[in-house]
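To start, the structure under review is shown below, and the notes come after it.
Protein chains in written order, with my numbering: chain A, 1 to 192; chain B, 193 to 442.
See the structure below:
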């Protein structure tokens, strides 16, 4: 069973639907026991960082996330909350990835909306995905490239598209909305 | 590199897709899920579903349809048509729509833009603006293009950006249905005056029209309905053509 963390800041329906299309059962939950006992955990995220972090903390889910040993996937805001700090609402993150989150400089239109390609490293989590494959992004803030970056993308400047630190994985794009390439990435996650 | 988006629009009436030959002559065109899936297979980048049902009972068919679309479609989709309060926007987003499209309701109740953006993030709010030139001046129209307002499109676009809109969908009414090409000049002007993405609509008839709008403006999405429905333009061929013309496309 896959647990999708419910903290009122997620597109949980979309993630659950994407898993359903892959014949994978999931529950949307904020129950610590259910999260810790799940085979895999997903932290979706749409919205504003400081209120999302507040919601996580209110339910004690920030500490639960740090205790997870099974494969973990953060999506979009879910990625940003796993970094050290976010400029959005000056929000301290969970510090799993050794990088900070900044707002895009307004040299082009912000948010970065649409399909963009990635440049990836050869890791198992990104197998059967080609560099130059496109994924769907919607975000105004980005995580800088760091030692945990395993794929980067470029809009205004290069930024982290996929991060990985041990069992923690995260994508800035929305795999659940990225057509067949997104499906491949979710399959890779389910096979970890 | 960020790609430009090709966006088919599906008109929905009482839970079915309809194709308009002209405004009063609507033909049933089948199951929206089947058509939407075909567009996904054709590599459409996003979908827009516009509910044109007249009945006040429309939400009874729209909400179950949105849930079904969300289950079966793996690309982003926008839902619009008569959404005029936070509660109905909420119901549609919670059913799985990625974005809500506001048109007349945005003009009548501008604070609605702000309310939806604060609740679901600005990426969830697309404001549709129907524009038409009369006596050498551009104006915003509402109620499906039947009512002229005194709003200047550029001022209105800036205002909705400030209110929290995440994208603009701009339809040039005089081009709509003509197949003469998008309103390149004025869309270029509007798009350069706002810092949010703009989707162009109205006038697509040939592949070259998509090249014109992407090559000459910083518009990043182009929407069309009938030319895709009637397969006068096939999306796979259109995308191949745009790539050979060096337009960034998925």
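Positions of the beta carbon are idealized from the N, C-alpha and C atoms, including for glycine.
Distance between residue j and residue i (C-alpha atoms, nearest Å)
i                      : j                      : result
residue 215 of chain B : residue 423 of chain B : Unreliable placement is indicated for residue 215 of chain B, whose pLDDT of 49 sits below 50; the coordinate value is still reported in the next sentence. Their Cα atoms are separated by approximately 19 Å.
residue 286 of chain B : residue 124 of chain A : 33 Å
residue 394 of chain B : residue 401 of chain B : 11 Å
residue 126 of chain A : residue 237 of chain B : 22 Å
residue 434 of chain B : residue 298 of chain B : 34 Å
residue 278 of chain B : residue 184 of chain A : 35 Å
residue 364 of chain B : residue 197 of chain B : 18 Å
residue 108 of chain A : residue 358 of chain B : 14 Å
residue 201 of chain B : residue 166 of chain A : 43 Å
residue 88 of chain A  : residue 49 of chain A  : 6 Å
residue 72 of chain A  : residue 380 of chain B : 43 Å
residue 432 of chain B : residue 55 of chain A  : 45 Å
residue 392 of chain B : residue 412 of chain B : 8 Å
residue 26 of chain A  : residue 136 of chain A : 23 Å
residue 436 of chain B : residue 1 of chain A   : 46 Å
residue 444 of chain B : residue 353 of chain B : The question about residue 444 of chain B has no answer here: the residues shown for chain B are numbered 193 through 442.
residue 41 of chain A  : residue 34 of chain A  : 10 Å
residue 368 of chain B : residue 335 of chain B : 15 Å
residue 276 of chain B : residue 410 of chain B : 30 Å
residue 152 of chain A : residue 328 of chain B : 47 Å
residue 82 of chain A  : residue 396 of chain B : 44 Å
residue 281 of chain B : residue 188 of chain A : 34 Å
residue 231 of chain B : residue 67 of chain A  : 42 Å
residue 378 of chain B : residue 360 of chain B : 14 Å
residue 100 of chain A : residue 144 of chain A : 6 Å
residue 319 of chain B : residue 306 of chain B : 11 Å
residue 110 of chain A : residue 301 of chain B : 25 Å
residue 28 of chain A  : residue 324 of chain B : 46 Å
residue 403 of chain B : residue 419 of chain B : 15 Å
residue 222 of chain B : residue 382 of chain B : 36 Å
residue 38 of chain A  : residue 190 of chain A : 12 Å
residue 92 of chain A  : residue 85 of chain A  : 4 Å
Limits of the alpha helix (DSSP H) - the one that residue i falls within
i                      : result
residue 433 of chain B : 427-436
residue 197 of chain B : From DSSP, residue 197 of chain B is part of no alpha helix (DSSP H) but of the beta strand (DSSP E) over 197-205.
residue 421 of chain B : 418-421
residue 187 of chain A : 179-190
residue 388 of chain B : Taken as a continuous stretch (DSSP letters only), residue 388 of chain B belongs to no alpha helix (DSSP H), as it is neither H nor E.
residue 46 of chain A  : Looking at the DSSP string, residue 46 of chain A is not in any alpha helix (DSSP H), and its letter there is neither H nor E.
residue 18 of chain A  : 12-21
residue 352 of chain B : 345-355
Chain B contact residues for residue i, given Cβ-Cβ distances below 9 Å
i                      : result
residue 10 of chain A  : What residue 10 of chain A touches in chain B: nothing, since even the nearest Cβ is about 11 Å away.
residue 151 of chain A : Those within 9 Å of residue 151 of chain A in chain B number zero; the least Cβ separation is about 15 Å.
residue 154 of chain A : 193 and 194
residue 106 of chain A : 387
Chain-ordered neighbours of residue i on chain A, where CB pairs are closer than 7 Å
i                      : result
residue 434 of chain B : What residue 434 of chain B touches in chain A: nothing, since even the nearest Cβ is about 13 Å away.
residue 268 of chain B : 136 and 177
residue 412 of chain B : 114
residue 442 of chain B : 115 and 134
Per-residue contacts from residue i into chain A (C-beta, under 9 Å)
i                      : result
residue 359 of chain B : 111 and 113
residue 262 of chain B : 13, 14 and 17
Chain-ordered neighbours of residue i on chain A, where CB pairs are closer than 8 Å
i                      : result
residue 197 of chain B : 114 and 115
residue 232 of chain B : 179
residue 356 of chain B : What residue 356 of chain B touches in chain A: nothing, since even the nearest Cβ is about 12 Å away.
Per-residue contacts from residue i into chain B (C-beta, under 7 Å)
i                     : result
residue 86 of chain A : Those do not exist, as residue 86 of chain A stays about 15 Å from chain B at its closest Cβ, beyond 7 Å.
For residue i, the first and last residue of its enclosing beta strand (DSSP E)
i                      : result
residue 276 of chain B : That residue, residue 276 of chain B, is in no beta strand (DSSP E); it is neither H nor E in DSSP.
residue 331 of chain B : 329-334
residue 100 of chain A : 100-103
residue 116 of chain A : 112-117
residue 74 of chain A  : 72-75
residue 152 of chain A : 149-155
residue 63 of chain A  : Per DSSP, residue 63 of chain A belongs to no beta strand (DSSP E); it is in the alpha helix (DSSP H), 61-67.
residue 363 of chain B : 359-364
residue 401 of chain B : Note, residue 401 of chain B: premise wrong, no beta strand (DSSP E); alpha helix (DSSP H) at 399-408.
Cross-chain neighbours of residue i in chain B, by beta carbon under 8 Å
i                      : result
residue 182 of chain A : 266
Contact between the region 172-181 of chain A and the region 263-272 of chain B is defined here as three or more beta-carbon pairs at a separation below 8 Å; is this criterion met? yes
How about the region 366-378 of chain B and the region 425-433 of chain B: do they share at least three Cβ pairs that are nearer than 8 Å? At 8 Å Cβ cutoff, the stretches do not touch.
Residues of the region 375-400 of chain B with Cβ closer than 7 Å to any Cβ of chain A, in chain order: Cβ contacts with chain A come from 387, 388 and 389.
Taking a cut of 7 Å between CB atoms, which residues from the region 12-32 of chain A lie near chain B? 13, 14, 17, 18, 20 and 21
If you measure beta-carbon to beta-carbon, which residues of the region 46-66 of chain A are closer than 9 Å to chain B? Within the region 46-66 of chain A, the residues whose Cβ lies closer than 9 Å to some Cβ of chain B are 46, 47 and 48, listed in chain order.
Tell me, please, whether the region 96-113 of chain A touches the region 137-150 of chain A by the rule of three or more beta-carbon pairs shorter than 8 Å. yes
Give, in chain order, every residue of the region 270-282 of chain B whose Cβ lies closer than 7 Å to some Cβ of chain A. Of all residues in the region 270-282 of chain B, none has a Cβ within less than 7 Å of some Cβ in chain A.
Does the pairing of the region 51-71 of chain A with the region 12-27 of chain A give three or more beta-carbon distances under 8 Å? With the cut-off at 8 Å, the region 51-71 of chain A and the region 12-27 of chain A do not touch.
Using Cβ-Cβ distances below 8 Å, what residues of the region 282-303 of chain B are close to chain A? 286, 287, 288 and 290
Between the region 313-325 of chain B and chain A, which residues of the former have a C-beta closer than 9 Å to a C-beta of the latter? From the region 313-325 of chain B, only 313, 314, 315 and 316 have a Cβ closer than 9 Å to chain A.
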